[in-house]
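Asks: Residue 367 in full-length UniProt numbering sits at position 367 of the sequence shown, and the numbers go up by one each step.
Beta carbons are placed, not taken as given, at the ideal position from N, Cα and C, and that holds for glycine.
Predicted model only: the values in this text are computed from it and were never measured.
I have a structure I would like to understand better, so I am pasting it below and will then ask my questions one at a time.
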Amino acid sequence: MPFDLHDTIAALSSPPGPAQRGIVRISGSAIRDALNELFRPNDPPLWETTRLPQRHPGSFWLDDIQRWMPVDVFLWPTQRSYTGQPMAEVHTCGSPPLLEAILAAIYAAGVRPARGGEFTLRSFLAGKVDLLQAEAVLGVIDADDQVQLNAALQQLAGGISGDINMVREDLLSLLADLEAGLDFVEEDIEFVDNREILARLTSAEARITSLLEQAVDRMRSTGTARVVLAGRPNVGKSTLFNALLGRGAALVSEIAGTTRDYLAADVNWHGRPIELLDTAGWEQQSEGPLQAALALREDQLQRADLIIWCITADELPNPLTGEADCGNARSLTVLTKCDLANTTGPATALRVSAVTGAGLEELTAAVAAELSQDSAAPQQLLGTTGARCRDSLHGAVESLQRAREVAELSAGDELLSIEIRVALEELGKVSGAVYTDDILDRIFSKFCIGK
1 MPFDLHDTIA ALSSPPGPAQ RGIVRISGSA IRDALNELFR PNDPPLWETT RLPQRHPGSF
61 WLDDIQRWMP VDVFLWPTQR SYTGQPMAEV HTCGSPPLLE AILAAIYAAG VRPARGGEFT
121 LRSFLAGKVD LLQAEAVLGV IDADDQVQLN AALQQLAGGI SGDINMVRED LLSLLADLEA
181 GLDFVEEDIE FVDNREILAR LTSAEARITS LLEQAVDRMR STGTARVVLA GRPNVGKSTL
241 FNALLGRGAA LVSEIAGTTR DYLAADVNWH GRPIELLDTA GWEQQSEGPL QAALALREDQ
301 LQRADLIIWC ITADELPNPL TGEADCGNAR SLTVLTKCDL ANTTGPATAL RVSAVTGAGL
361 EELTAAVAAE LSQDSAAPQQ LLGTTGARCR DSLHGAVESL QRAREVAELS AGDELLSIEI
421 RVALEELGKV SGAVYTDDIL DRIFSKFCIG K
């Protein structure tokens, strides 16, 4: 993406499609020329005499249909706008043909169509937001649930940026002390003793390690939890799957082993988005077509966030938890077919009936409660940010570990300063204080046009 900040750009900023209101956003130094050509305010415009943000009701000339249309123009005439440039928004009714005609008139006046994410890119390059906050703008737009939205809003508010900047300031202060000492090495003046150096390095390393662990955790999940139904053949997994969905998605039969391939469906239980999967029954046979089904089941169990073990009274206690390799997934035990007589089970088992619906609400609540433990701690970091920042945070931690080793060995402040500088550069990549065109292109190309 070429970073030409001198062009004036415009794009539809509101969602596409019919709506009560549509917004066209413009940013750049030629805004006033375009408005003077196309916009007729009801009152004399103030943009030539004031630097304050303004709202002007008026009419906009649409050459395509040869008529004036009523609009409101909001103008930020100085660099105090979102983009750090003069910026305007044209607000009118959200008719797609009308908005297209407004854009066509603006483009004909010499304004260039904006690329995806170009408004936020200009905001970043102007120092209005850092790279973490720029990614959070996209995170707010793309959030699928409250957990993702809260993480995006926390990141947008500068939560993690503040943490990163505090660590950077502490390391810069330490680096200044070390390099001041190097200037007076012949006078044997010590600006900071070794114990303080180790304490400050250890503190910085611990804070960055915490952010690194969060980055890894956020990468493991897209926000949608994977919940897998597992159990012996003919224990009612597919019937339970259908009951939980409220429709007949899975083929059911009294013949054991009807399910061969796995089935997946998206549900939302108590505000938590979930991918629910029905897998092949647990049995030792592994030849013929069943072998592939069992391999798929093993893969789903390994990738599960939570496993619902389905059992019946005649196979208690449940033997499967000892046989299955389920990675780090937690599990719930469900006693199916509780509408039948003489069904008893362990106190920890949830009793459900897919036929009568008994226990289904309790099961969905238990699943949501179990999964909520993953997000009990407030998250400051988006998954996309975690993926981008992981290597840089890891590099910063490694540099500080080497710096501690240098300090413990008293190997010299020169080597210590080098490692701290490397850590600072890695942290700069996280916040955007250090960046390349490739990094910016990769991040802002994910944005829709108009943001």
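1. Tell me the DSSP bridge mates of Q54?
2. Whole angstroms are fine: how far does the CA of G412 sit from the CA of R32?
3. Do you know how far the Cα of R122 is from the Cα of D177?
4. Considering only C-alpha positions, which residue in the set T78, K237, E179 and G17 is nearest to L335?
5. May I ask you to report which of helix, strand or coil DSSP gives C93?
6. Which word fits T50, buried or exposed, when buried means at least 16 other C-beta atoms lie within 10 angstroms of its C-beta?
7. Who are the Cβ neighbours of I102 in its own chain at under 8 Å, not counting the five residues just before and after it?
8. Does the ligand FAD have even one heavy atom less than 6 Å from the beta-carbon of L306?
9. Exposed or buried, what is S445 when buried is set at 16 or more other beta-carbons lying within 10 Å of its beta-carbon?
10. How would you write the range of the beta strand (DSSP E) that N242 sits in, first residue to last?
11. With distance defined between alpha-carbon atoms, name the residue in D130, L332, Q79 and L38 nearest to L52.
12. How should R21 be labelled, buried or exposed, when 16 other C-beta atoms within 10 angstroms of its C-beta is the threshold for buried?
13. Could you pull the start and end residues of the beta strand (DSSP E) that N268 belongs to?
14. For L360, which residues in the same chain have their Cβ closer than 7 Å to its Cβ, ignoring the five residues on either side in sequence?
15. So which of L306, C338 and D339 has the shortest CA-CA distance to S331?
16. Terminal residues of the continuous alpha helix (DSSP H) containing F39?
17. Once DSSP output is grouped into helix, strand and coil, what is the label at C338?
18. Determine, using beta carbons only, whether V228 and L301 come nearer to each other than 7 Å.
19. Between A407 and L198, is the Cβ-Cβ spacing less than 7 Å?
20. Just curious, the alpha helix (DSSP H) that I65 is in, first and last residue?
21. Assign F444 to one of three DSSP states: helix, strand, or coil.
22. Evaluate the contact criterion for the segment 417–426 versus the segment 155–162: three or more CB pairs, one atom per stretch, below 8 Å.
23. Excluding the 5 residues flanking R207 on each side, which residues of the same chain have their C-beta closer than 6 Å to its C-beta?
24. Output needed for P45: all residues of its chain with C-beta closer than 7 Å, excluding positions within five of it in sequence on either side, in chain order.
25. Between which residues of its own chain and residue 455 is the CB-CB distance below 7 Å, once the five residues before and five after are set aside?
26. I need the boundaries of the beta strand (DSSP E) containing D278, first residue and last residue.
27. Buried or exposed for R195, going by 16 or more other Cβ atoms inside 10 Å?
28. If contacts are defined as beta-carbon pairs under 8 Å, then A136 and Q155 qualify, I think. What distance do you get, rounded to the angstrom?
29. When burial is assigned at 16 or more other CB atoms within 10 Å of the CB, is S431 buried or exposed?
30. Whose CA, out of G94, R390, V355 and G139, lies closest to the CA of E213?
31. What is the DSSP secondary structure of V422, reduced to helix, strand or coil?
32. Shorter than 7 Å from the beta carbon of F124 to some beta carbon of chain D?
33. Mapping DSSP to helix, strand and coil, what is T202?
34. If you run the structure through DSSP and keep just helix, strand and coil, what is T312?
35. Only counting the same chain, and skipping five residues up and downstream in sequence, which positions put a Cβ closer than 6 Å to that of A126?
36. Have a look at A114, Y82 and I106 and flag the residue whose alpha-carbon is nearest the alpha-carbon of D130.
Replies: With the structure as the only source:
1. For the purposes of this step, residue 54 is taken as the residue at position 54 of the sequence shown. The partner list for Q54 (beta bridge, DSSP) reads L75.
2. Position 32 of the sequence shown, counted from the start, is the residue given in the question as residue 32. Position 412 of the sequence shown, counted from the start, is the residue given in the question as residue 412. Distance between the alpha carbons of R32 and G412: 59 Å.
3. Here residue 177 refers to the residue found at position 177 when the sequence shown is read from its first residue. Here residue 122 refers to the residue found at position 122 when the sequence shown is read from its first residue. Between D177 and R122, the C-alpha separation is close to 36 Å.
4. Locating residue 335 in the sequence shown gives position 335, where the first residue counts as 1. Answer by Cα proximity: K237.
5. Counted from its first residue, the sequence shown places residue 93 at position 93. Residue state, collapsed to three classes: strand.
6. One-based indexing of the sequence shown puts residue 50 at position 50. T50 should be labelled exposed.
7. The count along the sequence shown starts at 1 and reaches residue 102 at position 102. Counting only Cβ-Cβ distances below 8 Å, and skipping sequence neighbours, we find V24, F60, L62, M69, V71, V90 and T92.
8. Absent from the structure shown: the ligand FAD. Ligands present: none.
9. By one-based count along the sequence shown, residue 445 stands at place 445. Per the 10 Å Cβ criterion, exposed.
10. Here residue 242 refers to the residue found at position 242 of the sequence shown. No beta strand (DSSP E) holds N242; the alpha helix (DSSP H) holding it covers K237 to L245.
11. Within the sequence shown, the letter at position 52 stands for residue 52. Minimum Cα distance to L52 is reached at Q79.
12. Counting from one through the sequence shown, the residue named residue 21 turns up at place 21. Result: exposed.
13. Residue mapping note: residue 268 aligns to position 268 of the sequence shown, counting from 1. Start and end: L263 to W269.
14. Within the sequence shown, the letter at position 360 stands for residue 360. So the list reads A243, L244 and V352, once near-sequence residues are dropped.
15. Position 331 of the sequence shown holds residue 331. The candidate whose alpha carbon is nearest that of S331 is L306.
16. As a working mapping, residue 39 is identified with position 39 in the sequence shown. Note, F39: premise wrong, no alpha helix (DSSP H); beta strand (DSSP E) at F39 to P41.
17. As a first step, residue 338 is located in the sequence shown; it is residue number 338 there, counting from the start. DSSP places C338 in coil when its eight states are reduced to three.
18. The residue you call residue 228 lines up with position 228 of the sequence shown. The residue you call residue 301 lines up with position 301 of the sequence shown. A contact, by the Cβ cut-off of 7 Å.
19. Translated into the one-based positions of the sequence shown, residue 407 becomes position 407. Translated into the one-based positions of the sequence shown, residue 198 becomes position 198. Yes, Cβ-Cβ distance for A407 and L198 is below 7 Å.
20. Here the question's residue 65 lines up with position 65 in the sequence shown. It is not in any alpha helix (DSSP H) - I65 carries neither H nor E in the DSSP assignment.
21. Here residue 444 refers to the residue found at position 444 when the sequence shown is read from its first residue. Helix at F444.
22. no
23. As a working note, residue 207 is residue 207 in the sequence shown. Counting only Cβ-Cβ distances below 6 Å, and skipping sequence neighbours, we find V167.
24. Position 45 of the sequence shown, counted from the start, is the residue given in the question as residue 45. So the qualifying residues of the chain are H56.
25. Absent from the model: residue 455. The displayed extent of the chain is 1 to 451, so no value can be given.
26. Within the sequence shown, numbered from 1, the residue matching residue 278 stands at position 278. First-last of the beta strand (DSSP E) with D278: R272 to D278.
27. In the sequence shown, residue 195 corresponds to position 195, counting from 1. By the neighbour-count rule (16 or more Cβ atoms within 10 Å), R195 is not buried but exposed.
28. The residue labelled residue 136 in the question sits at position 136 within the sequence shown. The residue labelled residue 155 in the question sits at position 155 within the sequence shown. About 4 Å; that satisfies the 8 Å criterion.
29. Taking the sequence shown and counting its residues from 1, the one referred to as residue 431 is at position 431. Classification for S431: buried.
30. Within the sequence shown, residue 213 is the residue found at index 213, counting from 1. Comparing Cα positions, the closest option is R390.
31. Against the sequence shown, residue 422 aligns to sequence position 422. Residue state, collapsed to three classes: helix.
32. Among the chains in the structure shown there is no chain D, since it carries only a single protein chain.
33. In the sequence shown, residue 202 corresponds to position 202, counting from 1. In this structure, T202 counts as helix in the three-state DSSP scheme.
34. As a position in the sequence shown, residue 312 is number 312, starting the count at 1. Three-state result, T312: coil.
35. Counting from 1 along the sequence shown, the entry for residue 126 is found at position 126. Around A126: G84.
36. In the sequence shown, the residue the question calls residue 130 occupies position 130. Closest option to D130, Cα to Cα, is Y82.
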